[in-house]
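K.L.:
Before I ask anything, here is the structure I am working with.
Protein chains in written order, with this note's numbering: chain Y, 2 to 198; chain B, 122 to 308.
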């Protein structure tokens, strides 16, 4: 069961003043006694190794293959899309969801998530408790300076530890630059994707 | 004669690799000469690395030019040279690469002290990797660029704590093509 976010006014204020770009970090996002059930769902979901110019990780298919993970995705959307729509002012209604496993040597280099035509409004990552908590694997947010529509400076601004049962939600824009730092040891497990209108 | 070409696009992008172009002692001497000259580049959505522009290495650049001329049959002249150094956590993305409108030849000489796993130089045609140059100390890569060819230097893992990938990259153009230009979109 996903947690109920009660103080939306305060969360909206936190969202607006967050630096380097709007984001929220929500701990204990899932009922702690039920997290083991989430891990059990992931154990049934096949993952493949993905490698490209900016990433190396293991992930499930873009569309969940098991009914159980689809139910987790739909439950997550039902619990959070209306709330985050109110908090962020972005009229999001649904999400996609993939499971990710980052092992030593896995990373996702800096990028913004913004793609014309994809309508990604908010990005999210929910970290699961790991049997081998990772060293590295932080979500790093960058501050960008823009001149003439082009990024001309980037500075590391915030490091978010992938702590178990933590949900991170952040704005998607051309300057929402972020990366997953390389995992140096252990295992980083997450559910991640985007909220869409 | 029928050329094995299916599209005009594929006329460009010819690439080859030459191992052992220089020995380890000579590579070490080049590294030592520029050790204190590096500038850091860190627009992280494009790259994170160190570089030395226009290194004073005329003999080495001439060696690379001659190798490129033999490989391509073209008469070439150097237009730019840069030493790149990639330490653990470094990378150069294709997004950082310029569009080469005049089909230059790019020659890369690996000056690294030791091989580094996965620290490859990738050449891409329309985004798809078609040529991989591993970290091969003393080795040379020669690539004919075209407008659809880009390249990236792969991420160097922090698991290789002593990694240091050093590459001298020389861009050569036809010696009579002084009017041609490079449109660099991202630097």
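By construction, the Cβ of each residue, glycine as well, lies at the ideal position given by its N, Cα and C atoms.
#1: Would you kindly check if the distance between the Cβ of residue 127(Y) and the Cβ of residue 168(Y) is under 8 Å?
#2: Taking Cβ positions only, does residue 305(B) come closer than 8 Å to chain Y?
#3: Would you say residue 218(B) faces chain Y, with C-beta separation under 8 Å as the test?
#4: State the DSSP-derived secondary structure class of residue 155(B), mapped to helix, strand or coil.
#5: I'd like to know whether the C-beta of residue 285(B) is nearer than 8 Å to at least one C-beta of chain Y.
#6: Roughly how many angstroms lie between the CA atoms of residue 233(B) and residue 133(Y), to the nearest whole one?
#7: Got a sec, what are the start and stop residues for the alpha helix (DSSP H) residue 140(Y) sits in?
#8: Decide if residue 355(B) is buried, meaning its Cβ has at least 16 other Cβ atoms within 10 Å, or exposed.
#9: I'd like the list of long-range same chain contacts for residue 194(Y), defined as Cβ closer than 7 Å, with 5 residues on each side in sequence excluded.
#10: When the distance is taken between beta carbons, is residue 64(Y) closer than 8 Å to residue 45(Y)?
#11: With a cut-off of 8 Å, does the C-beta of residue 278(B) fall near any C-beta of chain Y?
#12: What is the C-beta distance between residue 167(B) and residue 214(B), in whole angstroms, given that I count them as a contact (C-beta under 8 Å)?
#13: Please check the pair residue 181(Y) and residue 103(Y), which I expect to be a contact at CB under 8 Å, by giving their CB distance rounded to whole angstroms.
#14: Taking one C-beta from the region 171-191 of chain B and one from the region 137-156 of chain B each time, how about it: are there three or more such pairs within less than 8 Å?
#15: Would residue 231(B) pass as an interface residue toward chain Y - the criterion being a Cβ-Cβ separation below 8 Å?
#16: Buried or exposed: where does residue 119(Y) fall if 16 or more other Cβ atoms within 10 Å of its Cβ makes it buried?
#17: In angstroms, rounded to a whole number, what distance separates the CA positions of residue 39(Y) and residue 33(Y)?
#18: At a Cβ cut of 8 Å, what residues of the region 194-218 of chain B count as close to chain Y, listed as they run along the chain?
#19: Do we get a CB-CB distance below 8 Å when we pair residue 135(Y) with the residues of chain B?
#20: 8 Å is my cut-off, CB to CB: does residue 162(Y) come that close to chain B?
#21: Taking the alpha-carbon positions, what's the residue 306(B) to residue 153(Y) distance?
#22: Can you find the residues in the same chain that come closer than 7 Å, C-beta to C-beta, to residue 71(Y), ignoring five residues on each side of it along the sequence?
#23: Does residue 88(Y) come out as helix, strand or coil in the three-state DSSP assignment?
#24: Among 181(B), 159(B), 207(B) and 164(B), which has the Cα closest to the Cα of residue 261(B)?
#25: Check the Cβ-Cβ distances between residue 177(B) and every residue of chain Y, and say whether any is below 8 Å.
P.N.:
Quick answer:
#1: Yes, they are a contact pair.
#2: Note that residue 305(B) scores a pLDDT of 40, beneath 50, so its modelled location is shaky and nothing firm can be said.
#3: Closer than 8 Å: no.
#4: The answer is helix: DSSP assigns residue 155(B) an H, G or I state.
#5: For residue 285(B), the nearest beta carbon of chain Y is not closer than 8 Å to its own beta carbon.
#6: The alpha-carbon of residue 233(B) is positioned some 35 Å away from that of residue 133(Y).
#7: Where residue 140(Y) is concerned, there is no enclosing alpha helix (DSSP H), although the beta strand (DSSP E) it sits in stretches over 140-148.
#8: In the structure as shown, chain B starts at 122 and stops at 308, and residue 355(B) therefore has no counterpart that could be examined.
#9: Closer than 7 Å at the Cβ level, and outside the excluded window around residue 194(Y), lie 96, 97, 98, 99 and 125.
#10: In this structure, residue 45(Y) lies away from residue 64(Y), with their beta-carbon atoms at least 8 Å apart.
#11: Output row for residue 278(B): interface = yes.
#12: Their Cβ separation, rounded to whole angstroms, is 6 Å, which keeps residue 167(B) and residue 214(B) in contact under 8 Å.
#13: Confirmed, about 7 Å.
#14: As far as the Cβ criterion goes, the region 171-191 of chain B touches the region 137-156 of chain B, which means the pair count is three or higher.
#15: Contact of residue 231(B) with chain Y is not assigned, every C-beta pair being separated by 8 Å or more.
#16: The Cβ neighbour count for residue 119(Y), taken over all protein chains shown within 10 Å, is under 16; the residue is labelled exposed.
#17: Looking at the two C-alpha atoms, the distance is approximately 10 Å.
#18: Within the region 194-218 of chain B, the residues whose Cβ lies closer than 8 Å to some Cβ of chain Y are 210, 212, 214 and 215, listed in chain order.
#19: Judged by the 8 Å Cβ criterion, residue 135(Y) is not in contact with chain B.
#20: Not an interface residue.
#21: Residue confidence is low: residue 306(B) scores 37 on pLDDT, short of 50, so the model does not pin down where it sits. Its coordinate-derived value is still stated next. Just so you know, the alpha carbons of residue 306(B) and residue 153(Y) end up roughly 13 Å apart.
#22: So the list reads 65, once near-sequence residues are dropped.
#23: Residue 88(Y) carries a helical assignment under DSSP once its states are collapsed to helix, strand and coil.
#24: Cα-wise, what sits closest to residue 261(B) is 181(B).
#25: No, residue 177(B) does not count as interfacial toward chain Y.
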